[in-house]
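S.K.: Going by my numbering, the sequence shown opens with residue 328, and the numbers climb by one from there.
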Amino acid sequence: MNPIQDAFISYGRADSKQFVRKLSDRLLESGIEVWVDFEDIPLGVDYQKQIDDAIDKADNFIFVIAPHSINSAYCLLEVERALKHNKRIIPLLHVEQISYDTWKERNPEGTAADWDTFRSAGKHSSFPNMHPAISKINWVYCREGIDDFDQSFQGLLDIFQRSRDYVRQHTTLLSQALTWERNQRQIQYLLAGESLQQAEAWLKTRFREVQSPCWPTDLQCEFITESIKNANNYMTQAFLSHAEEDAAIAREVHLSLRRMGFTTWTSWSDIRTGVDFQAAIDLGIEAADNLIYLLSPASLRSHYCQYELNYALRLNKRIIPLLVRPVDLETVPEPLRVLQFIDLSDNTQPSDYWSDESDLIRALNREATYYDTHKRLLVQALKWQRQRQNPSILLRGYELRQAESWLTVAKQHPQHPPVSIQTDFIETSRQQPLDITIDVFISCSEKDLDFARRLNDTLQVQGESTWFEQSKWADNQEYRAQVRQGIENAENFILIVSPSSLTSTSCLEELDWAQTLCKRIVAVSYQPLAQLQIPTALAASLWVDFTAHDGDFLTNFGELYRMLKSNPEYVQAHTRLLVKALEWEQSGHDDSLLLRSRELTNASTWLQQAAQQTPPPTDRHRTYIQASQALPFRRIKLRSAALMGAMATVFVLAARLLGVLQGAELQAYDHLLRRQPNEAPDDRFLIVTVDENSGSLLRERLIAGDYAPTIGTIPDAALQETLRILAEHQPRLIGLDFYRDFPATPELANSLRSRDTIITLCKASYEGEGVPKSPEVPWERVGFSDLVSDTMTGPTYIRRHYIMQAPDPDFCNTPRSFSLLLASRYLKQEAAISRTDPLLPVGNTYEFRRDGLAFGETVISNLTLGRGPYYQDPDFFNGYQTLLNYRTGPNPDTGKARDPGQFAPRVSLADLLTNQVPRQWVEDRIVLIGYSDLADRNADYWQTPYGEVPGVILQGQMASQLISRVLDNRPLIRWWPLGAEVLWIAAWAMVGGLIFWRIVRSRRLIVAIVVSLGLLYGTAYILMVSSALWIPLVPPLITFLLTATGVAVLNHRLRNP
């Protein structure tokens, strides 16, 4: 709102307006810029804000003493504003008091009584109501008719000149601090660089012989110390550890240190919203030179204080104990007990605290450089450790030499030696290769170190390796040689442009050397650069202005980072390839040093693009790359590659026959099987499940006496009712997928015996305990329920359809499965299609003819050794088996995309018993009844490639696949004959060998591999999805990889003698 002025004049218009006009004119004639209000404050306008801003931006506050100004509410506000901001106040005594005549002239209608009231309030004089602060300051006497105005005016000018620079800096810093405060203390409004160094020096200025013209405000102290913390990545000189009961004393210590220019970490100002509390405390201790411990009974009891103390001790931090309340020394931890306390507990007067404050300041200043280095190396080492030993954070160059020197001294320090992580960090930095390439070299002047340090830390967080000297430079040949080497190894050169860097001999020399090496130069500025002579090397370079975007550091850093990352390959390759070419020449053209694989591809591409780039490649580059390009084209003979493919094929076939690949092949089979699309439900079936609700209904009716209790599964009365309801709806067949090996009630027994549509099951004793059939059902309506699961490797999935087996005379004397019996009867009734059985009695045993099962002209192929995805001993294929081609559909209840339980309509037994199933859902269909309630012991669940499935669903799937194959020509899972599989596997071995024999370039090789493997998988996928044909996937993949690897190894040996 207002520019910075030399003075603000506060006065009362009634007494001093003409005097102030005269004073203002004389001051302007003397070159003093003055803010003075000669106009009445308009009504309805908040003019106070403008006045406040003018006071804030005035070096001096001139208060014209007169009765009107002393008793003016507006002047009082102005005085309070000046006192609040510690302005230099210069009182000018103009009018001591006014007479009755003067008062009467201003108040024509006033009476003698009004005058008496006016006088009794002290408003006629300058002294009764004078502000105490004004009364304590020496005045400049300018009483009209009494004092010599010229002499007084000269005295005023002398005050202006006294410590004028200091006072002007006070005004400038106050204005900046208020701007920072008005903008929610955002970091872009903090000081940086040279302006911060000047502010820090101003804050530490001491007037030992004379009184200070004005004192820094708490806001200025906070603004400057926060700027210092920001410039140092929030590293501080002291961490305040205190109990909550001692918070008031802690704040007093904090303010005291801040006024002395020390940066401190406190829990109330340095833990940001949303940050982990404990982590913030740990970082605060790590990034502090000292831990100031406020010792009191409360802090000794505090868990947090003890943790902070112990953590600082683990990090070998210097502990400075302040005794703020008396304590029993026996309760003080041993590490504190041996330290000298600064005793604040006996303070009774301000002077007592000032003495203790001096002791504290002396303690902080003692060996301050050592502890500052200790802190910085610790922060860097911990950052290196937490970023998984990020090499970009390691020390380099002269900074490493200084750290090594510090480490040598620190190991002998009696109290605070280095911790192990610091030693490891420096030792690892020392072990870096001397010629390692770095991403960025940062050049700056000493006055730009704060900004450069923050920039360096941010680059390292982004994983960029940097060369940056954070300490003062050494003026010797070794240092200059190391700096030159750093520039040579750097891909980018950043110059922090400022008035000081543009006049720095070292910065200009570094810039000149970078230009000589054709480095990519990026100029970075963080302060105005008006009317500066920019060197030619910078004029055409990239430039990032960190004052843009309202000084937002991270936004501007993003722009810089994009520049550094733009086209980095060329600059990196130029340096890297030149180093390699020189090494190759010096070794006598050793082939082992030539480029290979991706390095060679990148180098060839780089050489092609180099014609349009700067700097251009040298002859060494060209010779080195051309020699490397010729090396990869050495290769073995074609017949050697073919032999490698034949050997891989034999090896894989042997492993397959031995069952080594069985698990992997079955997993590949399951994967392809699950890729098959959903199909429409098979409306020839209705699945009736005994679920949880059905079980509850049966129990309720048993309790109610509707059903008599019986042994077994479904109560006989319930089963009889179920069969009655189904009979009314006229199903084609009824399959009971549960065991009934006990006599039924007479009524149910008659139904089971007489109804030819009812099919039941039994279980053979070949695997586990057998279960006989229902006594009432003849054998021609009984099928075995046995399922075969794959237990040889991986999950025990049901992948096979067990169609026929040798009869079991003791338990299950039938060769036909439950599903086969259902399918056979349905096909006989539906299309008069007869079944041809493959069963051949041989003595006391049975054999099954290969592909001997047929329904009319439709043959159901069976699995045998060497057919399909199985390679086990012959006993594994007992009976007549084929692969199960699941029919799936989406399950709206579970959200499952492919659910085999949705292959047919499905209702519960409860729905059926309560007449909620429409007739058309039952009529002329195969109705299967079975358990699906996991909590019921009669339920049987089986693992499949699609997940867990009830047994009744599996029986339905198997019957459905036979019927659908005959009536709908729905394919069963098919497979190739063994000879075709061998040719298929061998062909992919040859493909792998040919690719690696013929193709050299990595990109083309990768494309060829991806296309080949995609073709292999795509072929297997399409054949399975489109026509249910399974072909081997894992064996050809292995032969492809084995042959490719063998040819690649032989070529590699040939190219790397």
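We put the beta carbon where it would ideally sit given N, CA and C, even for glycine.
Model, not experiment: these values are computed from the prediction.
Let's see if you can read the secondary structure: which residues bound the beta strand (DSSP E) around aspartate 333?
M.R.: First-last of the beta strand (DSSP E) with aspartate 333: 332-337.
S.K.: Does the distance from the CB of valine 1216 to the CB of glutamine 1208 come in under 7 Å?
M.R.: The amino acid occupying residue 1216 in the given sequence is glycine; valine does not appear at that position. Taking 7 Å as the Cβ cut-off, glycine 1216 and glutamine 1208 do not qualify as a contacting pair.
S.K.: Would you mind stating whether arginine 415 and cysteine 548 have Cβ atoms separated by less than 7 Å?
M.R.: No, Cβ-Cβ distance for arginine 415 and cysteine 548 is not below 7 Å.
S.K.: Quick check on proline 1136: buried or exposed, where buried means 16 or more other Cβ atoms within 10 Å of its Cβ?
M.R.: Looking at its Cβ environment, which holds fewer than 16 other Cβ atoms inside 10 Å, proline 1136 is exposed.
S.K.: In chain order, what residues of the same chain lie with their CB nearer than 6 Å to the CB of valine 1244, ignoring the 5 residues before and after it?
M.R.: So the qualifying residues of the chain are Val1234 and Asp1238.
S.K.: How close, in whole Å, do the beta carbons of glutamine 989 and tyrosine 1124 come, if the pair is a contact with beta carbons under 8 Å?
M.R.: So it is not a contact: roughly 13 Å between Cβ atoms.
S.K.: Residue range of the beta strand (DSSP E) that asparagine 819 falls in?
M.R.: Looking at the DSSP string, the run of the beta strand (DSSP E) that includes asparagine 819 is 817-824.
S.K.: Helix, strand or coil: which one does DSSP assign to aspartate 1260?
M.R.: Aspartate 1260: coil per DSSP, three-state reduction.
S.K.: Would you decide whether glutamate 910 is buried or exposed? Buried here means 16 or more other CB atoms lie within 10 Å of its CB.
M.R.: Result: exposed.
S.K.: Would you tell me roughly how many angstroms separate the C-alpha atoms of alanine 808 and glutamate 836, rounded to the nearest one?
M.R.: One C-alpha to the other measures close to 12 Å.
S.K.: Just tell me which of Phe388, Ser931, Asn717 and Leu582 has its CA closest to the CA of isoleucine 688.
M.R.: It is Leu582 whose Cα lies nearest to the Cα of isoleucine 688.
S.K.: Would you check if the distance between the CB atom of isoleucine 720 and the CB atom of asparagine 1378 is smaller than 7 Å?
M.R.: It is not a contact, given that the beta carbons lie outside the stated cut-off.
S.K.: Within a Cβ cutoff of 6 Å, which residues of the same chain sit near tryptophan 1315, ignoring the five residues on either side of it in sequence?
M.R.: Within the same chain, tryptophan 1315 has close Cβ partners Pro1363, Thr1366 and Phe1367.
S.K.: Please report the straight-line C-alpha distance between serine 967 and phenylalanine 752, rounded to a whole angstrom.
M.R.: The straight-line gap from Cα to Cα measures roughly 52 Å.
S.K.: Counting only runs of 4+ residues fully inside the stretch 711-771, write out the alpha helix (DSSP H) ranges in chain order.
M.R.: Complete alpha helix (DSSP H) runs here, min 4: 724-737 and 747-757.
S.K.: Let's test the definition: count the other Cβ atoms within 10 Å of the Cβ of glycine 601 and tell me whether it reaches 16, buried, or not, exposed.
M.R.: The residue is exposed, with fewer than 16 neighbouring Cβ atoms inside 10 Å.
S.K.: List, from N- to C-terminal side, the alpha helix (DSSP H) runs of 4 residues or more that fit wholly inside the stretch 1156-1198.
M.R.: Runs found: none.
S.K.: Run through the stretch 847-921 for me and flag every whole beta strand (DSSP E) of 3 or more residues, listed as ranges in chain order.
M.R.: Segments of the beta strand (DSSP E) lying fully in the stretch 847-921: 847-852 and 869-872.
S.K.: Whose C-beta lies closer than 8 Å to the C-beta of glutamine 842 among residues of the same chain, with five residues either side of it excluded?
M.R.: Closer than 8 Å at Cβ, skipping near neighbours: Ile848 and Ala864.
S.K.: Use the C-beta contact count for histidine 421: other C-beta atoms within 10 angstroms, 16 or more gives buried, fewer gives exposed.
M.R.: Per the 10 Å Cβ criterion, buried.
S.K.: Could you pull the start and end residues of the alpha helix (DSSP H) that glutamate 635 belongs to?
M.R.: Counting along the chain, the alpha helix (DSSP H) containing glutamate 635 begins and ends at 630-641.
S.K.: Rounding to the nearest angstrom, what Cα-Cα distance links leucine 776 and proline 826 in this structure?
M.R.: Cα to Cα, the separation comes out at about 13 Å.
S.K.: Under a three-way DSSP split, which group does isoleucine 368 fall into?
M.R.: Here the model assigns isoleucine 368 a pLDDT of 47, short of 50, so the residue's position is not dependable and the matter cannot be decided.
S.K.: Okay, do the stretch 763-772 and the stretch 691-710 touch, 3+ Cβ pairs below 8 Å being the bar?
M.R.: No: the two stretches stay apart, fewer than three of their Cβ pairs being nearer than 8 Å.
S.K.: Can proline 1277 and alanine 1355 be called in contact, C-beta distance under 7 Å?
M.R.: Going by C-beta atoms, proline 1277 is not nearer than 7 Å to alanine 1355.
S.K.: For leucine 1166, which residues in the same chain have their Cβ closer than 7 Å to its Cβ, ignoring the five residues on either side in sequence?
M.R.: Within the same chain, leucine 1166 has close Cβ partners Met1131, Pro1142, Tyr1173 and Phe1175.
S.K.: Distance check for histidine 395 and serine 453, CA to CA, integer angstroms please.
M.R.: The straight-line gap from Cα to Cα measures roughly 8 Å.
S.K.: Under DSSP, the beta strand (DSSP E) around alanine 565 begins and ends at which residues?
M.R.: First-last of the beta strand (DSSP E) with alanine 565: 563-568.
S.K.: Terminal residues of the continuous beta strand (DSSP E) containing serine 490?
M.R.: It is not in any beta strand (DSSP E) - serine 490 carries neither H nor E in the DSSP assignment.
S.K.: Can you have a look at valine 372 and say buried or exposed, based on whether 16 or more other CB atoms are within 10 angstroms of its CB?
M.R.: With a pLDDT of only 49 at valine 372, under the threshold of 50, the placement of this residue in the model should not be trusted; the figure read from the coordinates follows. The residue in question, valine 372, is exposed, as its Cβ has fewer than 16 Cβ neighbours within 10 Å.
S.K.: Label glutamine 1057 either buried or exposed according to how many other C-beta atoms from any shown protein chain fall within 10 Å of its C-beta, with 16 as the threshold for buried.
M.R.: It counts as exposed.
S.K.: For chain B, find out if any of its Cβ atoms is closer than 7 Å to the Cβ of asparagine 819; answer yes or no.
M.R.: Of the protein chains in this structure there is only one, and it is not chain B.
S.K.: Taking 8 Å as the threshold, find out whether the stretch 595-612 comes into contact with the stretch 547-567 through three or more Cβ pairs.
M.R.: Verdict: yes, contact present.
S.K.: Under 7 Å between the Cβ atoms of proline 1070 and proline 1099?
M.R.: Cβ atoms of proline 1070 and proline 1099: not closer than 7 Å.
S.K.: Buried or exposed for arginine 645, going by 16 or more other Cβ atoms inside 10 Å?
M.R.: Buried, because 16 or more other Cβ atoms sit within 10 Å of the Cβ of arginine 645.
S.K.: Mind checking proline 459: buried by the 16 CB within 10 Å criterion, or exposed?
M.R.: It counts as exposed.
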